[in-house]
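Which chain is which? The protein sequence lines are A and B, in order. Numbering-wise, my numbering comes out as the position in the first sequence, counting from 1, plus 829. No gaps in the numbering here: position 79 of the second sequence is 66 in my numbering, and each next residue is one more. Note that beta-carbon positions come from the ideal geometry of N, C-alpha and C, so glycine has one too. Remarks on the structure that follows.
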Amino acid sequence: MNDMSAPPYKVVGTRPVRPDGVDKVTGKAVFGPDFAASGMLHGAVLRSPHPHARIRAIDTSKAAALPGVRAVVTGADFPTLESLTMALGESSGDVLDIARNCMALDKALYEGHAVAAVAATSTLIAREALQLIAVDYEVLPHVIGIEEAMAADAPVLHDTLFTKGLDATPDKPSNVATRFVMANGDVESALAGAAAVASGRFTTAPVHQGYIEPHACVASVNADGQTQIWASSQGAFMIRSLTATILGMPISDIRVTPLEIGGGFGGKTTVYLEPVAVLLSRKCGLPVRLVMTRDEVFRASGPAPGSVVDLRIGADKDGKLVAADIEFRNSAGAFPGSSVHATAMCSLACYRIANFRVTGWDVVSNMPSSAAYRAPGAPPVVFAVESALDEIAMQLGLDPIDLRLRNAVRPGDPGPMGMPHGPVALVECLEAAKAHPHWTAPLAPRHGRGVAAGFWPNYGGQSTATVSVAEDGTITVVTGSPDIGGSRASMAMMAAEVLGLPYEAVRCIVADTASIGFSMVTGGSRTTFATGKAVVEASEAVVATLRARAAAIWGIEDDAVTWQGGAAQAAGQEPLTIKAIAAKAGQSAGGTIAAEATVNPLDYAAGLAVHICDTEVDPETRQVRVARYTAVQDVGRAIHPSYVEGQMQGGAVQGIGWALNEGYVHDAGGRVANAGFLDYRMPVASDLPMIDTVMIEVPNPAHPFGVKGVGEAPIVPPLGAVANAVSRAAGVRLRDLPMSPDRVHAAIAAKG
Amino acid sequence: MARVLLTPAVLAEFPGAAETGAVEAVNLFQLVRELDARFPCMGPWCDARAAFAVDGVSAPDWSQRLGPDSEVLIITRIAGG
């Protein structure tokens, strides 16, 4: 364990300029849709206009004959696959589902599901060719809503889907993939004896991650099968392994080069286009680029699941929570996998509750297959729980923060999956929130104030890093972790701290899959923790080599040499700088000074956040305005505080959008009615006040600098914080998200 | 004999494994082989989807030695975003 009491850091905790900043603000950075290869063709994807239809036949002959068209593929061009659950970064997925999501074979399962693709000499020709593809559909009844999909007479998407986790094995398929129950104690007796009980149904809509950059890639397949892919994603290795498995290729035949990523938020942890682009390129022998339009992003890439949550939570007269009964249903979209385990895990993770029962359902319907979105699965259920706590506080006349403090988990308490909580700092966050001027500031007329807490477990996992010393003593750090939140800067800072160098002496790049060892996706709030550990280990190995080289130059033992201020030090010797040692690397047996570290740490620590929100409800339009917002979070140790604050602000803003504005709207025909940023309204800077941030630093002792993941926890509390604020401003509990003006108006009108 | 505890999410996949109880294994590799022998497909499932905790501590290294009284908790991996 490291002593974190008074860190003597020179670089960690400072705010240097990010190394990729200039390229990004000047437009030089190459994002997914920007990349072009010599001789490249342009692809386009034909998508189903029906939310549910059997594909009886596809005739591509006219499209293939169009001048300029060089390749056409359909689902029939994909290799036959068996269902195979494979590890995908932190979690897993069925590769057959992922392949079918890339392109339908016998059934289109949602409007926008890919059914064919074309590569041509221009985008216009490719799109014209799509219109020449004749698909013979047998249109089937569709189902969108969660409860409608669970109904006994609902159209069934998959004939092979039998519910897991029921007491009796079902004898016919349904749209329910999984049901499971986590339980402890006697819920009913505890609720019967509770002094205050909050209960009700809470709903949230499916929402999109809303990344600015659409999915895009270029694939180039050589005659010998060697393949290159350039793509923007949260994990080049993920693209490599999924594409190879889906297409039955050796992984070593594929090299994926990561491009700059214009936002991911979990939505770029899977593949949509890459296997299709590889098949097109394989057919024509030329590089092929596929880029989604914004419309395609909304209709064909994964939203976060919608949810329906029923709950009852009870407390005794002192505000001690005695029992919770939660039943949630998540909409997985076209294929199973709606983060139900994370939903269950996070639902009550902030609080000590002796008696609980959490029942989860994973439900498919005719929507795009859901994908991860920042703390996937947690925000909707936490919205319900935090709303219930607000009701209990009101029933008992307690300060909402005091109620939470009375029940907050401490380090060592039993965690949601049975393992004890690590260094959680919810109490510190709640106390900081209570002490913040925001909490006691007077409220203006028509304003309401809400508070909510949130938990996310974070992750560690496999990462690789190399650190090498150039001839002049400057440093290059190489990782396999795409930079989605300033990680190049934070990696350089950690290396600089270990090496005793200024930040400017260290540059960090993100390498392609052939140039660095395997690294999991940049997701799960794992990169600064896990990849950071790899960088620190490699840096420490470099320091060991530098000390040994200095010892050799001086003719003394290694142990007599220390490393301070970027130089070797020994009694009676003039310090040898890294530059001086590097200049003599060619005169040493070891030659170049470099080190690689591979790590797989699972001693990560959870993230806890507490948010305070003030809202104003317009008395005429019922539109909600966020008047003030404060985000408090335990961040372990902020390597680069500006980026940590940025994560907190970004998570808060996305959560505010989830609470107030966002949600997929389907028409009666099962088609997305708001597939664009004009109709799918995400908050923009002019909509919101400055998001105030308070970083609490309770270090993770398992990380050399105390890092905890920070990217996901901040999207967990906002839904509840905003809903509690609106409910108090409106004088009525708002239980359905988004809290659009019509819903707020209806709730106020119903109250009378 | 290591005592094996399965979380509900794992039991949803392998309902027959509820009574797994104790398993003779020197490490997690052997434990997974033993479970696979008892419950078909559990080995590949563990490879792809399981996370382990031994005596309350996450266990990324499956070669970690199990003691005679070790408690092994098997949970599903949780994906982040």
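Assumed close pair residue i, residue j - CB separation to whole angstroms, cut-off 8 angstroms
i: A/A1060; j: A/C1046; result: 4 angstroms
i: A/A963; j: A/T903; result: Wrong, their Cβ atoms sit about 12 angstroms apart, outside the cutoff.
i: A/E1425; j: A/T1295; result: 4 angstroms
i: A/E1215; j: A/G1549; result: 3 angstroms
i: A/S1062; j: A/P845; result: Between A/P845 and A/S1062 the Cβ distance is about 27 angstroms, and since that is not below 8 angstroms, they are no contact.
i: A/R1118; j: A/E940; result: Contact flag wrong, Cβ pair sits at about 24 angstroms.
i: A/D1154; j: A/A1024; result: The Cβ separation is near 17 angstroms, so there is no contact.
i: A/V1298; j: A/V1371; result: 6 angstroms
i: B/A(-11); j: B/V59; result: 5 angstroms
i: A/K1112; j: A/A900; result: 4 angstroms
Beta-carbon proximity list for residue i, same chain, < 6 angstroms, skipping 5 on both sides
i: A/F926; result: The sequence as given places Asp at residue 926 of chain A; Phe does not occur at that position. The answer, listed in chain order, is F1164.
i: A/S1292; result: S1348, A1359, T1360, A1363, V1428
i: A/F864; result: V1047, W1059, L1088
i: A/G1484; result: I1544, P1547, L1548
i: A/S1368; result: V1296, A1324, V1327, L1328
i: A/T855; result: none
i: A/L1102; result: H1044, C1046, L1119
i: A/A943; result: V874, R876, M932
i: A/I975; result: V1137, R1158, S1160, V1192
i: A/G1148; result: L1225, L1227, L1232, R1235
i: A/I1338; result: V1307
Test: residue i CB closer than 8 angstroms to a CB of chain B
i: A/K936; result: no
i: A/G1302; result: no
i: A/V1238; result: no
i: A/Y1202; result: yes
i: A/P1249; result: yes
i: A/N930; result: no
i: A/A1008; result: First, the amino acid is wrong: residue 1008 of chain A is Arg here, not Ala. Answer yes: the Cβ-Cβ gap between A/R1008 and chain B drops below 8 angstroms somewhere.
i: A/S921; result: yes
i: A/P1205; result: yes
i: A/M830; result: Interpretation of A/M830 is limited by its pLDDT of 38, a score under 50 that renders its predicted location unreliable; no figure is taken from the coordinates.
i: A/L1431; result: yes
i: A/R1355; result: yes
i: A/M1246; result: yes
Chain A within 8 angstroms of residue i, Cβ atoms only
i: B/I65; result: yes
i: B/T7; result: no
i: B/R(-10); result: no
i: B/D56; result: no
i: B/D23; result: no
i: B/A12; result: no
i: B/S50; result: no
i: B/G30; result: no
i: B/T(-6); result: yes
Beta carbon of residue i nearer than 8 angstroms to that of residue j
i: A/F1031; j: A/A1178; result: no
i: A/G922; j: A/M915; result: yes
i: A/P1137; j: A/V1210; result: Residue 1137 of chain A is actually Val in this sequence, not Pro. Going by C-beta atoms, A/V1137 is not nearer than 8 angstroms to A/V1210.
i: A/E1125; j: A/G1092; result: no
i: A/P1205; j: B/G3; result: no
i: A/G1394; j: A/A1034; result: no
i: A/L1437; j: A/A1254; result: yes
i: A/L959; j: A/A892; result: yes
Residues of its chain near residue i, where Cβ-Cβ distance is below 7 angstroms and the 5 sequence neighbours each way are ignored
i: A/V968; result: H879, A882
i: A/P1002; result: V985, H987, D988, T989, L990, F991
i: A/R1233; result: L1218, L1259, A1282
Nonlocal neighbours in the same chain, by C-beta distance under 8 angstroms from residue i, ignoring five residues either side
i: A/V1582; result: Look at the range of chain A in this structure, 830 to 1581, and you will see that residue 1582 of chain A is not part of it.
i: A/D832; result: At A/D832, the pLDDT of 45 sits below 50, so the modelled position is not reliable; the number obtained from the coordinates is stated separately. Contacts found: none.
i: A/A983; result: V972, E977, S1003, N1004
i: A/M979; result: S1003, N1004, V1005, R1158, W1190, V1192
i: A/R1572; result: L1563, D1565
i: A/M1568; result: V1453, A1488, L1489, V1551, A1552, V1555
i: A/G1290; result: G918, E919, M1349, G1353, R1355, A1359, N1429, P1430, L1431
Distance cut-off 7 angstroms: residue i Cβ against heavy atoms of the ligand SAH
i: A/N1159; result: With respect to the ligand SAH, the structure offers nothing, as it holds no ligand at all.
> Taking only runs of the alpha helix (DSSP H) that begin and end inside the region 1427 to 1503 of chain A, which ones reach a length of at least 4 residues, in chain order?
Replying inline: 1470 to 1489
>> Quick check for students: name the residue ranges of the beta strand (DSSP E) that lie wholly in the region 1119 to 1175 of chain A, counting only runs of 3 or more.
In response: 1136 to 1144, 1150 to 1162
>> Restricting to runs no shorter than 4 residues, where is the alpha helix (DSSP H) found entirely within the region 1379 to 1409 of chain A?
In response: none
> Which ranges would you report for the beta strand (DSSP E) in the region 963 to 1036 of chain A if only whole runs of at least 3 residues count?
Replying inline: 963 to 968, 1005 to 1013, 1025 to 1033
>> Just to confirm the assignment: which complete beta strand (DSSP E) runs, minimum length 3, are found wholly within the region 902 to 940 of chain A?
In response: Fully contained in the region 902 to 940 of chain A are the following beta strand (DSSP E) runs of length 3 or more, in chain order: 914 to 917, 920 to 923.
> What are the uninterrupted segments assigned as alpha helix (DSSP H) that are 4 or more residues long and contained completely in the region 1245 to 1303 of chain A, given in chain order?
Replying inline: 1255 to 1264, 1266 to 1269
> Unbroken beta strand (DSSP E) runs of length 3 or more, entirely within the region 1172 to 1231 of chain A: which are they?
Replying inline: 1184 to 1193
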